[in-house]
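Beneath this line is the structure, given in structure tokens, with notes to follow.
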Amino acid sequence: MIYRYLVFPALSLLDPEFCHDLARRFLKIFFVIYLLKMRKKFFGAPTMPTHVGERYFLNPLGLAAGFDKNGDLAEAAYLLGFGFHEIGTVVPEPQAGNARPRVFRLVKCKALINRLGFNSEGLVAASAYIDQFCSKYGGSFPFPVMISIGKNKDTPLELATEDHDRCIQELIRFKPFAVVINVASPNTPDLRDLLHGDYLRSVIRSGRTSMQMGCSLHSVDMPLLFLKSSPDMSRQGIVDFLEICEQEGVDGIIGTNTTTDHTDVYEFKHGHQDGGLSGKPLMHKSLAFAEVVRESWKGIFIYAGGISTHDDLKDVRENYGADLVQAYTGFVYEGPNFPAKVVEGK
Ligand SMILES: Cc1cc2nc3c(=O)[nH]c(=O)nc-3n(C[C@H](O)[C@H](O)[C@H](O)COP(=O)(O)O)c2cc1C
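Residue numbers for the sequence shown follow our numbering, beginning at -15 and rising by one.
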């Protein structure tokens, strides 16, 4: 209530990315972390026990990739009550991303448009943040964490797998439950070419080989291999994508990333901005993706796209076969009570 009617309207007057930076600083303050710990201790975390294969999740709602690009907000996600978390997308070398402003709020339709372009502090910084987090919890993640990896903007597509390899070799020692290869961002030129044909096969094959090598080097168990997908493919494109993923032994799909199709939001302020659209207006495209997944995918499926209520969560799990669900934009609009609202309908 306080967030929705007081804090969010005040924040809406400020640049969205500036707000994110503020939130990021705020969520790392020792006292705030302490308060979140106390809240979790006395009120408990939102609970909806969920099993995916042998893995247990306190609840099926995760914070989607992009909010915690470098791994320094994983503790906040844990204490806020998300059932799992995705760090990243991490790229090997630090990069600034596109010029600001590059995040826009479409308040009337509860959406965001972003063209961040994988702004990242890079692999060394991410590794240090994750190390710090794990050290606080006895050397490993206290809840299931996935790590999303990608390529630097300047790396040619043909060499993308080398960037993936560098990230995997460094980060696999933290024992994420899955490594997610992100080939679905619309804000890195040509990246989505990796969603198709031989490019896709080579990304998956080399990703798996890197993971095997990393696991034996660090003596850790093999995490799952996930791919993140785009809502901007034709039905046949999705079918082909899933077929290659199945043939190449991918364990899970995350669908979807943001869309470049702004048809539904042109009437709103900022609706014409370039970039990926997320939130409510994305939902029908993500559901269309999920429908194809339900028909032809036997592996794990994590749904993302416009989740903001308990009914949304139930719908995608019961009617679209989602094992788990992720959200980003809904959290931005609803604030700290978001996990309780979505998981328990509070
Ligand atoms: C500002 C912003 C940054 C994002 N950055 C990433 C990213 O780095 N990697 C990624 O895989 N997805 C990224 N995403 C996509 C989200 O993870 C998610 O797939 C998408 O926003 C749909 O979910 P939503 O409608 O709940 O926001 C980003 C989304 C937003 C809004």
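For each residue, glycine too, the CB sits at the ideal point set by N, CA and C. Quantities reported herein were computed from a predicted structural model and do not represent experimental measurements.
In this structure, the straight-line span from the alpha carbon of K298 to that of K212 is close to 22 Å.
Boundaries of the alpha helix (DSSP H) harbouring R8: P0 to F10, taken from the DSSP string. By the Cβ criterion, the segment 249 to 259 is not in contact with the segment 269 to 277, since fewer than three pairs of Cβ atoms, one from each stretch, lie closer than 8 Å. The count of Cβ pairs closer than 8 Å, one atom from the segment 9 to 28 and one from the segment 53 to 66, reaches three, so the stretches are in contact. The count of Cβ pairs closer than 8 Å, one atom from the segment 56 to 76 and one from the segment 240 to 254, stays below three, leaving the stretches out of contact. As the crow flies, the alpha-carbon of M197 is around 28 Å from that of T172. S169 and D216 have their C-alpha atoms roughly 11 Å apart. Of the candidates G81, T313, F66 and K25, G81 places its Cα closest to the Cα of R99. In the DSSP assignment, M22 falls within the unbroken alpha helix (DSSP H) covering F14 to F27. Cα atoms of R157 and L96: separation of roughly 34 Å, rounded to the nearest angstrom. Distances from the alpha-carbon of P128 to those of V108, G101, M22 and A48 put A48 closest. Rounded to the nearest angstrom, the gap between the Cα atoms of D52 and H202 is 25 Å. Ligand 1 has no heavy atom closer than 6 Å to the beta-carbon of N321. In terms of side-chain proximity, the C-beta atom of T293 is found no nearer than 6 Å to any non-hydrogen atom of ligand 1. Between the beta-carbon of S194 and that of Q153 there is about 6 Å, and that keeps the pair under the 8 Å contact cut.
In the displayed model, K212 falls within a strand according to three-state DSSP. In the assembly as shown, V108 is an exposed residue. Its beta-carbon has fewer than 16 other beta-carbons within 10 Å.
Remark: C-beta atoms of L63 and K24 approach each other more closely than 7 Å. Taking the Cβ atoms as the reference, G37 lies roughly 20 Å from F66, outside the contact range of under 8 Å.
Straight across, the Cα-Cα distance linking G123 with D115 is about 8 Å. Every beta strand (DSSP E) of 3 residues or more that sits fully in the segment 214 to 270 is shown, in chain order, as 236 to 239 and 260 to 263. If the five residues before and after S111 are omitted, its C-beta is found closer than 7 Å to the C-beta atoms of E154 and L155, all from its own chain and listed in chain order.
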